[in-house]
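Protein chains in written order, with the UniProt record's numbering: chain A, 1 to 575; chain B, 1 to 123. For glycine and all other residues, C-beta sits at the position ideal for the given N, C-alpha and C. See structure below.
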C-alpha cells in the first residue's frame, strides 16, 4: 500500500535547533536533494530513554570490518549504558529516509499530525519494544551524537576487557579453590595421597585443554562489527558467569566458613567446576560453529544496479551473521561494480527526455492526483512510437565490435611481448648487464604492449581499476612463475573481463562500511521469506531467503535378476 | 460416425497379382513388414502404432505387384481368404509364397483411400 522511497541524506548538513516545527518543514530545510522529498525520517538506535516518545527508536547500522574488536564488547557496552543517549555508529552517518505514499508538497499541512501512524511503515530494524516513526527531538540528538562518536572506541575496548576478565576468573577459580585451603588452614587438613595427585593431574590437563579450546574458538580477529548483540555469545557469557558465581557461593558457605577438613572433597569440587566449564565450551562450539553448518536456507543476493546475482546456501544464522556471510562471499564472487557501464549511452537516452505536460481539468481535491498524472505520462510515453531501441541495438553492436578488435590487438601484443623473455638457464653464458630480475623484465616488455592494453581498457571502461603499477606487478608475478601468455591474459579473467572485486588493489574496495536494512530485528534467525538489504552509497545488495525444501527420498528395490531384455524386430521380407 | 463405420468397411481394395516365374521361384515383386512378433512402433506406414498387421514396405518397379495396383504402405488384410491381421511375419511370408499358387488375391486397405473418401463425405 504505502510505497516507500529511500533516500540517503548526509545529515551533517541538518540545521540545529529544530524543536517543534512540523517535520515536513524541517526536512524541507534540508539542503540535500533540493526537490520536494517525502517525509518520513527514520533512524534507529538501540536505546531506551524515557525522554523519548514511545514512537521513536533508532538503530544505527554501520558495519565496520577490519577492527580488532569483537561483538562482545559492543554488546556489553549497550547492555550497560542503555540509558545514555549514545549512538552505535561512527564515521559517516547514513540515514535512511522513507516516504509515506504522498509527496511532500501536497496542500496538506493541516493533515500532517494525523499522518503519524502512516509513517509507521518500517523497513529498518527496530528493537522488540519499539514502534517506529519520527520525532523532532531526534534530529537534534543526531547532531549531538555525532560529536560523541569518538567515545565509542573506549566502549568497545571495555567490552572485550570485561569478557576477558570473566574468562580469566573462570580459569583461575578452580586453582583458587584448591589453593585456598592450603593457604588458610593447612595444618588441619587431612592428608590426601594418591587420589588427590590424580585429581591434580586431571585438573591441570583439563585446564590446558580448556585454554587451547578457548583460544581456538574465541581469540580470533573478528571479521565484522555487528550492529546488535551476538545472542549466543551473550548467552554463553551469562552462563559462565552464573556458573562461576554459584560455585563461589557454595564454596564460600560450605568450605571457607566451616573450614572443611576433607581436602579430597575440595579438590573434587574444583574438578567438577572444570568439567562444567569444559561442557560450556562444548556448548559454545555447538552453538557458534556447528549449528550453522548444515544448509537450511538459500540466500539470493542481487546487486541493485546491474542485477548480478548469486545464490548461497547457509544454515541457521541470525540476520546479521548472514549479512556478514554474504559480504564475505560478495567480495570474491561478484564482478566489480563499474558505474561507467551502467547507463545507456547518452545518444539513446536524450530522445526520451521530452516529457508531456499534463493539465488537470476541474477536480483538485483528489489525493492521488499526482500518481494518476504520472501514470498517464508514462502510458503516453510508452505508446508513442520511438526508435530509440533501434539506436541502442546498433550502438551495442558497434561497441561489441570495437571491443573485440581491441581485444584481438591486445592478445597479439601480449603474445609477441612474451616471446622476448626467456628464463635464464644456469649453463647459459650471458653478459651480466643483460640479466634482469622480474621487475625489470616486466618493465621491458610492458612498453611493447602498453598501448594496446591502454586502448582496450579504455574501451571496456576498466581503466580506473588498473593503475600502471598494478599492471606491472601482475606482469612481474606472471613472469616469475613462468606463466604462459594465455594464463597471463586469462589470469582470473583479470583484464579481459571484470574480475571479482577482491583482486583489485585494496583501495578499490573502498568503504568496508555497509548498512544493514531489515524489517525484522537483526538478531532474529533467518526464516523463509526474510528480505534484507545491504547498502552502500552507490548501490545495494538485496538478499532474499528461501528455505531449502524438505526432500522426501523413497527407496525402490531393483532385483538384479529382473534385468531382462527382448529383441524388437522389424524385419522386411521380399516376396 | 455411423456413416464412417459402414464406409470404412468398403475402403478396401481387392488386388489380384499374377506371380512371375524367375528361375525356380515365383516372385510377387514387393516386400512386407510387420507381424504379431514384430515391433509395431517402428512401422512407418501405420497410423496406429500398435497395429501389428502386415504392411507393404516396398514395391519393385515393373513387377507383378505394381502392375496389379499394389502400393507402398498398403495393409494386407487377407491373402486368398486367409486372414493376415494376426499372423507372425514368417506365417505371412509363407502364405504369400505358396509354391502351388500362381495367383494371389489380396484384400488391402489404404490410408490415402480412406482419407479421400472421408473428406468427400464431409464436404
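As a quick exercise: from the options, pick the residue whose alpha carbon is nearest that of residue i.
i, options, result
"residue 51(B)", "67(B), 38(B), 21(B)", "38(B)"
"residue 526(A)", "449(A), 189(A), 325(A), 215(A)", "325(A)"
"residue 593(A)", "544(A), 307(A), 331(A), 557(A)", "The structure shown does not extend to residue 593(A), since chain A is modelled only from 1 to 575, so the question has no answer here."
"residue 539(A)", "259(A), 308(A), 416(A)", "308(A)"
"residue 207(A)", "234(A), 230(A), 276(A), 256(A)", "276(A)"
"residue 574(A)", "118(B), 82(B), 34(B)", "34(B)"
"residue 99(B)", "11(B), 20(B), 12(B)", "20(B)"
"residue 109(B)", "47(B), 75(B), 101(B)", "75(B)"
"residue 439(A)", "468(A), 211(A), 513(A)", "468(A)"
What residue range is occupied by the uninterrupted alpha helix (DSSP H) comprising residue i?
i, result
"residue 301(A)", "Looking at the DSSP string, residue 301(A) is not in any alpha helix (DSSP H); the run it does join, the beta strand (DSSP E), is 297-303."
"residue 41(B)", "Residue 41(B) -> no alpha helix (DSSP H), and no H or E assigned at all."
"residue 515(A)", "Per DSSP, residue 515(A) belongs to no alpha helix (DSSP H); it is in the beta strand (DSSP E), 515-518."
In terms of residue numbering, what span does the beta strand (DSSP E) encompassing residue i cover?
i, result
"residue 16(B)", "12-18"
"residue 542(A)", "540-547"
"residue 55(B)", "54-59"
According to DSSP, simplified to helix, strand and coil, what is residue i?
i, result
"residue 64(B)", "helix"
"residue 33(B)", "strand"
"residue 99(B)", "coil"
"residue 336(A)", "coil"
"residue 257(A)", "coil"
"residue 329(A)", "helix"
"residue 124(B)", "The question about residue 124(B) has no answer here: the residues shown for chain B are numbered 1 through 123."
"residue 313(A)", "strand"
"residue 25(B)", "strand"
"residue 528(A)", "coil"
"residue 456(A)", "helix"
"residue 161(A)", "helix"
"residue 377(A)", "helix"
"residue 34(A)", "Because residue 34(A) carries a pLDDT of 40, less than 50, the predicted location of this residue cannot be relied on, and no value is offered for it."
"residue 396(A)", "helix"
"residue 78(B)", "strand"
"residue 406(A)", "helix"
"residue 109(B)", "strand"
Measuring only the C-alpha atoms, how far is residue i from residue j?
i, j, result
"residue 571(A)", "residue 121(B)", "37 Å"
"residue 184(A)", "residue 263(A)", "12 Å"
"residue 254(A)", "residue 161(A)", "31 Å"
"residue 92(A)", "residue 520(A)", "Any reading at residue 92(A) must be qualified, since the residue scores a pLDDT of 38, below 50, and its modelled position is unreliable; no value is offered."
"residue 29(B)", "residue 63(B)", "5 Å"
"residue 182(A)", "residue 278(A)", "25 Å"
"residue 284(A)", "residue 164(A)", "16 Å"
"residue 562(A)", "residue 556(A)", "13 Å"
"residue 293(A)", "residue 317(A)", "9 Å"
"residue 186(A)", "residue 259(A)", "10 Å"
"residue 168(A)", "residue 218(A)", "13 Å"
"residue 532(A)", "residue 515(A)", "10 Å"
"residue 476(A)", "residue 303(A)", "34 Å"
"residue 119(A)", "residue 270(A)", "Model confidence at residue 119(A) stands at a pLDDT of 42, short of 50, so the residue's coordinates are unreliable and nothing is read from them."
"residue 257(A)", "residue 249(A)", "11 Å"
"residue 89(B)", "residue 568(A)", "13 Å"
"residue 398(A)", "residue 392(A)", "10 Å"
"residue 157(A)", "residue 213(A)", "23 Å"
"residue 513(A)", "residue 310(A)", "21 Å"
Looking at residue j and residue i, is the spacing between their C-beta atoms short of 7 Å?
i, j, result
"residue 267(A)", "residue 178(A)", "yes"
"residue 522(A)", "residue 209(A)", "no"
"residue 447(A)", "residue 409(A)", "no"
"residue 323(A)", "residue 541(A)", "no"
"residue 244(A)", "residue 280(A)", "no"
"residue 92(B)", "residue 32(B)", "yes"
"residue 139(B)", "residue 107(B)", "The structure shown does not extend to residue 139(B), since chain B spans only 1 to 123, so no value can be given for it."
"residue 261(A)", "residue 189(A)", "yes"
"residue 479(A)", "residue 444(A)", "no"
"residue 49(B)", "residue 41(B)", "yes"
"residue 547(A)", "residue 297(A)", "yes"
"residue 403(A)", "residue 459(A)", "yes"
"residue 86(B)", "residue 54(B)", "no"
"residue 73(B)", "residue 45(B)", "yes"
"residue 104(B)", "residue 79(B)", "yes"
"residue 273(A)", "residue 195(A)", "no"
"residue 315(A)", "residue 335(A)", "no"
"residue 414(A)", "residue 449(A)", "yes"
"residue 337(A)", "residue 406(A)", "no"
"residue 288(A)", "residue 232(A)", "yes"
Using 6 Å as the cut-off, classify the Cβ of residue i as near or not near the heavy atoms of the ligand PLP, replying yes or no.
i, result
"residue 110(B)", "You won't find the ligand PLP in this model; it holds no ligand whatsoever."
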